[in-house]
Each structure stands twice: as structure tokens, then as C-alpha cells.
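Just so we're aligned, residue 50 is where the sequence shown starts under our numbering, counting upward by one.
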Amino acid sequence: MKKTPAIGLALLLVTIAYSCKDGSAESPITEESAPTMEETVDSNSDAKATTSSSAAVEPKNSKRKIVRTADIKFKVKNVPRSTYAIEDATTKFGGFVTYTNLQSNISNKDETKVSPDSTLVTTKYTVENSITIRVPNTRLDTVIKSIAKQIDFLDFRVIKADDVTLQILSNQMAQNRSNNSEKRIEKAIDDKGKKLNNIIDAEDHLDDKKEHNDASKLENLSLKDQVNFSTLTLQIYQREAVKQEMVANEKSINAYRPNIGLQIWDSLKTGWFMLEGIIAFVVQLWGIALIAVLCYFAYKKYAKK
């Protein structure tokens, strides 16, 4: 009878030990499943991280000719300050600005009269800028990462990488064919062009060949320029701002009206000037009055006879 409590106590201790062992085995799983601080990234950091792209990186030892362009729209805290930072970064990495249009768009303007001589003008506006820059192709990703420091909110980012290797090769082959054709035509003109009409037709054909040759050459130069310098089009804006300004009211025309006494005096002078004008006009008619008087006396004289 005394062995029963001892056996029960032994079984209880084994059960407790097993439970503790299971708990200690489960604890590492809980720690690994918990998120760390490094995995917590705010939205601003996400916006900055997504601006970078492998499409903007120039592959090493690549013989392909890639034209890279990027279109990015994002909000900044201060458009003029970010514009200067972007321009400085562009110059720093060997690029240049081809277009910039910094402007303020007024969304609402309200005028409130606060006193007889003062008005409060409240203006709501948004500052934005459209910037086009060109940077060396090998520095495109570096410039994008530098610009990302200005991002407060990213609207969109589009990066294009167009392979123009075959197009450049095609233009080069067309240029070579045109050169060979020009040489043959020139030789034919010198050797066989005896008639004037034949020479003129051959010269016109030669000019066409040269024109096509020049067009291919210029197109290749343009493509190579686009390959060497990538184009970035940036649209930046900031939060709507409010500006309040106290301005002086313009005086009404009634403030310059003369008093009643001066108006009466001016009216008397105006009436006198009108009377003088009437008298002067009547005096100008003295000749007509004289003729009328003479006619009257003549009529009386002859009427008596």
C-alpha cells in the first residue's frame, strides 16, 4: 500500500519533465517564425528601392547596343530643392539637362476683405517640374539611385531597354552598298557617259544614292548617341501649398469725387461758358440780321407806293 503513492509521484515527475522538454523544443520555432526589424520596411524605403533596376545596368563586356530610357513620376517634399539636387547629380555623373519646366499651378484663389483698405488673398497651388536629362549609359542606374533620395512617394517608374544592334548593323550594310553603288555610277559616268541625257540621269541617280547614304549614316549616329547617353524623363511634384497675403485695397473712384460746393461752382462756370457761346454764336449771325432788316424796310417802302 505504501508503494502506490511512490509510483504515482514518479509518474508525475516524468510527465512534467517530458512537458518541459517539448516546450523547450518548440521555442526555437517560435523565434524563427517571428519577423525581425530588418524585414520591416516602410513605404518610403520601398519606393526608393523600386527605382533601381537591372534593366538600367550596363552589362560588362557586352557587344549589344542597348538604348535605355526611363520615365519616373514621384512626389517630393520641395520641388525647387529637389530640382537643384537632380541637376547637380546629373552634372556630377557626366550628364546634362535638356529640358526643365518648373511652374506653379493655381487650383484656387480667394479674396477676403478684412478692412476698408485691406484684403486677404488666399492662394492654393501645386509646384511641379518636368525634367528631361541625358546621362552616360553606364551611369544610368547610379543616377537613378541618386535621384531616389528625393522620393517621398513613387507614382510610377518605367525603364525601357531596346536592343538596336541589328538596326545599326543593317544601316551600316546599307551604307556600304550605297558606297559601292556610288563608285560604280561615278565610274560609268566617267567612262561611258557620252550623251548629255545619260549623264544627267546618271547624276540624278547618284544624288539619290548619296542622299540614302547620308540618311543611313545620320540614323546610325543618332542611334549610337542614344546608346551612349540614356534619356530620363522625370515628373516631380509636391503637396498642395497655401499662401496667404495681405494686400492694400485700391481706392474707389468715389474717393476722388469733389465736394458739393466745388460741383456747384463748376456748374456755374459751365453755364456761364455756355451763355458766352450762345452770345458769340448770335453775334456771328449779324450779317443775316442786317439783310433781314434791310429787306423789311424795303418791303415797307414799296408797299406804301
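All C-beta atoms in this analysis are idealised placements derived from N, C-alpha and C, irrespective of residue type, glycine included.
In the structure shown, the three-state DSSP call for Pro165 is coil. The beta carbons of Leu218 and Val116 sit no closer together than 9 Å. For Glu177, the pairing in a beta bridge is given by DSSP as Gln152, Tyr286.
It is roughly 14 Å from the alpha-carbon of Gly310 to the alpha-carbon of Thr319. DSSP places Arg206 within a strand segment (E or B) once states are collapsed to three. Rounded to the nearest whole angstrom, the C-alpha separation of Arg188 and Val176 is 29 Å. The beta carbon of Thr118 sits closer than 6 Å to the beta carbons of Lys209, Thr280 from its chain, once the five residues preceding and following it are set aside; these are given in chain order. The C-beta separation of Asn154 from Tyr174 comes to about 6 Å, placing the pair in contact by the 8 Å criterion.
With fewer than 16 other beta carbons inside 10 angstroms of its own, Asp166 counts as exposed.
If the five residues before and after Gly143 are omitted, its C-beta is found closer than 6 Å to the C-beta atoms of Pro185, all from its own chain and listed in chain order. For Arg188, there is no enclosing beta strand (DSSP E), as DSSP marks it with neither H nor E.
Non-local beta-carbon contacts of Leu283 in its own chain, meaning distances under 6 Å to residues more than five positions away in sequence, involve Ile121, Ile180 in chain order. For Ser279, the beta-bridge partners assigned by DSSP are Val184.
No Cβ-Cβ contact shorter than 9 Å links Asp190 with Thr171. For Ile328, no beta strand (DSSP E) segment is defined; the enclosing uninterrupted segment is the alpha helix (DSSP H) at 309-332. The C-beta distance from Asn220 to Asn269 rounds to 5 Å, short enough to fall under 8 Å.
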